[in-house]
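Same order as they appear, the protein sequences are chains A and B. The opening residue of the first sequence carries number 1 in the numbering used here; numbering runs sequentially from there. The opening residue of the second sequence carries number 1001 in the numbering used here; numbering runs sequentially from there. All residues carry an ideal CB built from backbone N, CA and C; glycine is no exception. Here is the structure we will look at.
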Amino acid sequence: MKGMMAVCKRELKGYFITPVAYVFLVIFLFFSAYLTFKGQFFEARQADLRVFFEWMPLLFVFMVPAAAMRLWSEERRSGSIELLLTLPITVWQAVLGKFVAAWIFLGIALGLTFPMPLTAAYLGNPDGGLIAAGYLASFLMAGAYLAVGCFFSALSKNQVISFILAVVGCAVLVSLGLSTTQNFMASFLPNGLVSALEGLSFQVHFDSMQRGVIEFADISYFVVLIVGWVGACGIMLQERKAA
Amino acid sequence: MIKVKDLRRSFGSIVAVDGISFELGKGEVLGFLGPNGAGKSTAMKMLACFLEPDSGTAEICGADILTDPMKVRQSIGYLAESAPAYGEMTVGAFLKFICDARGIKGRARMEAIDRVVKLCAIESVYHQSIETLSKGYHRRVGLAQALIHDPEVLILDEPTDGLDPNQKHDVRLLIQKMAKEKCIIISTHILEEVEAVCTRMIIIARGKILVDSTPKELKQKHQANLDEIFRKLTEHRKIA
């Protein structure tokens, strides 16, 4: 536990002693607000954050891999992995420590979008529960994207390669749930397979959660995804840490 | 304190370490010598539990590197060849992280950091970020990291590489000072260093131990200086 905490603390500090955190936060906050106000936030004449949350899956496709790419690529490129894994820290403690640190960082980024609910509250009387569900869904989804990013970060020593692979991985997982993709897939795949693939998408589970319906199936989807990808990341590192 | 039994590791078709065995007790300083690519670093990485051996094992302070790697890592201080560290951190923050990872807290942490900072003479760069340090200071920070928990066993991969002559001298003095209480393995290319600090030397080439002796014995046996002996043994090997 102490090993995991030490890694987590160092990693979280690492975001803020380099410009990574500030560049990330500024860009994330700018685009989340820009896309919301550019979308139908005022025109909808409803005091809710539907438009704001609707953009999250797409925004995360680019933003989360950017926060995740350095986690292991940098460690392997600089050789500091040899230091880390000869301290009394297991691979799993290190993997979890880094994952939790990055997740907390994304939580901070989400938390800093607080002017959005404040704006909605100023303009009308929004449903607090709905907004809370939206944030919970966004946070869980960020964790799932991050787990994908972690895995690809462990795959390559090159941060650019890690970033691109993670973006593609996340984009595939989102696009499976988009209606255009489904229509296309339906043209040559059997219906059962199309709906099975749809069930694998971030989009579908996120949509139902941000509408305020918190179902066990949706939460467990994100949890399984996180456990699976983080687990794969750990196995990958066990095998390739010295490669 | 260290018992190595038939340790073997290959990368693809290249056999890096080919069945080395030796034992080392408290108060001994072992010089690990060999040409580049002889398998010194690979062997040290296995002892530090970073790489797993293909076969064979080793015991350090009573703990097996395969079955109890956590205990091994707690009892050793390891300085890797490139002295890896987190460049963006300051020296102070880095040493605090190492203490956290090793479970050294509160007053003990302060004392441990004070001790190694003085020992490795890095007071002047304490607040500087590691990526801005010169090679010598960088390596000394790596050494400080390896010494912070006052380990019983030290594994140092080329500890004096990149240091100026004065710093080399200081590190050698430091090793000599610690030698009585600890069990130390250092790898090096500098043969005068072996004569200065090591009580025992092992020459390896192509993953195999060629010589396991003391510098004095070896010189007596071959009636030559270490430099000539080293060349004779390893070059002969190459031609064969």
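Residue i and residue j closer than 8 angstroms at C-beta
| i | j | result |
| --- | --- | --- |
| A/Met5 | A/Met141 | no |
| B/Leu1226 | B/Lys1216 | no |
| A/Leu176 | A/Leu197 | yes |
| A/Cys150 | A/Val230 | yes |
| B/Pro1159 | B/Leu1079 | yes |
| B/Gly1056 | B/Arg1008 | yes |
| A/Met35 | A/Leu112 | Per the sequence shown, the amino acid found at residue 35 of chain A is Leu instead of Met. No, Cβ-Cβ distance for A/Leu35 and A/Leu112 is not below 8 angstroms. |
| A/Gly3 | A/Ile104 | no |
| B/Lys1180 | B/Gly1027 | yes |
| A/Val159 | A/Phe53 | Note that residue 159 of chain A is Gln in the sequence shown, not Val. No, they are not a contact pair. |
| A/Val91 | A/Gly228 | no |
| B/Arg1200 | B/Thr1214 | yes |
| B/Val1194 | B/Ile1202 | no |
| B/Lys1003 | B/Glu1059 | yes |
| B/Arg1073 | A/Leu87 | yes |
| B/Val1091 | B/Val1141 | yes |
| B/Phe1032 | B/Lys1040 | yes |
Closer than 9 angstroms at the beta carbon, the chain B residues around residue i
| i | result |
| --- | --- |
| A/Thr78 | Note that residue 78 of chain A corresponds to Ser in the displayed sequence, not to Thr. Near A/Ser78 (Cβ distances below 9 angstroms), the residues of chain B are Ser1082, Pro1084, Ala1085, Tyr1086 and Gly1087. |
| A/Ala196 | In chain order: nothing, as chain B lies at least about 39 angstroms away. |
| A/Ile17 | Glu1088, Met1089, Thr1090, Ala1093 and Ser1129 |
| A/Glu82 | Lys1045, Ala1048, Phe1050, Tyr1078, Ala1080, Glu1081, Ser1082 and Pro1084 |
| A/Ala21 | The contacting residues do not exist; A/Ala21 stays about 12 angstroms from chain B at best. |
Bridge partners - residue i, DSSP secondary structure assignment
| i | result |
| --- | --- |
| B/Ile1098 | Bridge partners of B/Ile1098: none, in fact. |
| B/Val1197 | B/Val1197 is not bridged to any residue. |
| B/Arg1109 | Partner(s): none; B/Arg1109 has no beta bridge. |
| B/Cys1183 | B/Val1153 |
| B/Gly1090 | The question names Gly, but residue 1090 of chain B in the sequence shown is Thr. Paired residues: B/Ser1129. |
| B/Glu1023 | B/Lys1003 |
| B/Tyr1078 | B/Ile1155 |
| B/Val1116 | None, per the DSSP bridge assignment. |
| A/Thr113 | Its beta-bridge partners do not exist; DSSP assigns none. |
| B/Phe1011 | B/Ile1014 |
| B/Gly1031 | B/Ile1186 and B/Met1201 |
| B/His1211 | What sits at residue 1211 of chain B in the sequence shown is Val, not His. Answer is B/Ile1203, bridged to B/Val1211. |
| A/Ile226 | According to DSSP, which records beta bridges pairwise, A/Ile226 is partnered with nothing at all. |
| B/Ser1055 | B/Arg1008 |
| B/Ala1064 | It is worth fixing the name first, because residue 1064 of chain B is Asp in this sequence and not Ala. Looking at the DSSP assignment, B/Asp1064 forms a beta bridge with B/Glu1059. |
Closer than 8 angstroms at the beta carbon, the chain B residues around residue i
| i | result |
| --- | --- |
| A/Gly3 | Ala1101 |
| A/Lys9 | Phe1097 and Asp1100 |
| A/Gly14 | Tyr1086, Glu1088 and Met1089 |
| A/Ala242 | Lys1045, Phe1050 and Leu1051 |
| A/Ala6 | Phe1097, Asp1100 and Ala1101 |
Partners in chain A for residue i, counting only beta-carbon separations shorter than 7 angstroms
| i | result |
| --- | --- |
| B/Gln1074 | Pro88 |
| B/Ala1048 | Thr86 |
Nearest-angstrom beta carbon gap, residue j and residue i [assumed within contact, 8 angstroms]
| i | j | result |
| --- | --- | --- |
| B/Met1001 | B/Leu1030 | Wrong, their Cβ atoms sit about 11 angstroms apart, outside the cutoff. |
| A/Ala102 | A/Ala144 | Going by Cβ atoms, the distance from A/Ala102 to A/Ala144 rounds to 12 angstroms, so no, they are not a contact pair. |
| B/Tyr1126 | B/Val1116 | Actually they are not in contact, since the Cβ atoms of B/Tyr1126 and B/Val1116 sit about 11 angstroms apart, beyond 8 angstroms. |
| B/Pro1035 | B/Ala1205 | 6 angstroms |
| B/Leu1163 | B/Arg1139 | 6 angstroms |
| B/Asp1157 | B/Met1044 | 5 angstroms |
Contacts that residue i makes with chain A (C-beta to C-beta distance below 9 angstroms)
| i | result |
| --- | --- |
| B/Met984 | This structure cannot settle anything about residue 984 of chain B, because the visible part of chain B is limited to 1001 through 1240. |
| B/Met1001 | Near B/Met1001 there are no residues of chain A at all, since even the closest Cβ is about 18 angstroms away, more than 9 angstroms. |
If you measure beta-carbon to beta-carbon, which residues of the stretch 52–69 of chain A are closer than 7 angstroms to chain D? Here the protein chains are A and B, and chain D is not one of them.
Any contact between the stretch 44–59 of chain A and the stretch 126–144 of chain A? By contact I mean 3 or more CB pairs, one from each, below 8 angstroms. In the pairwise beta carbon analysis, the stretch 44–59 of chain A is classified as touching the stretch 126–144 of chain A: at least three pairs are separated by under 8 angstroms.
So, does the stretch 54–69 of chain A touch the stretch 1062–1076 of chain B, judging by three or more C-beta pairs under 8 angstroms? Contact fails between the stretch 54–69 of chain A and the stretch 1062–1076 of chain B, because fewer than three Cβ pairs, one in each stretch, are under 8 angstroms apart.
Stretch pair the stretch 7–25 of chain A + the stretch 98–118 of chain A: three plus CB contacts closer than 8 angstroms: Short answer: they touch.
Is there contact between the stretch 1012–1023 of chain B and the stretch 1162–1182 of chain B, where contact requires at least three CB pairs shorter than 8 angstroms? The stretch 1012–1023 of chain B is not in contact with the stretch 1162–1182 of chain B.
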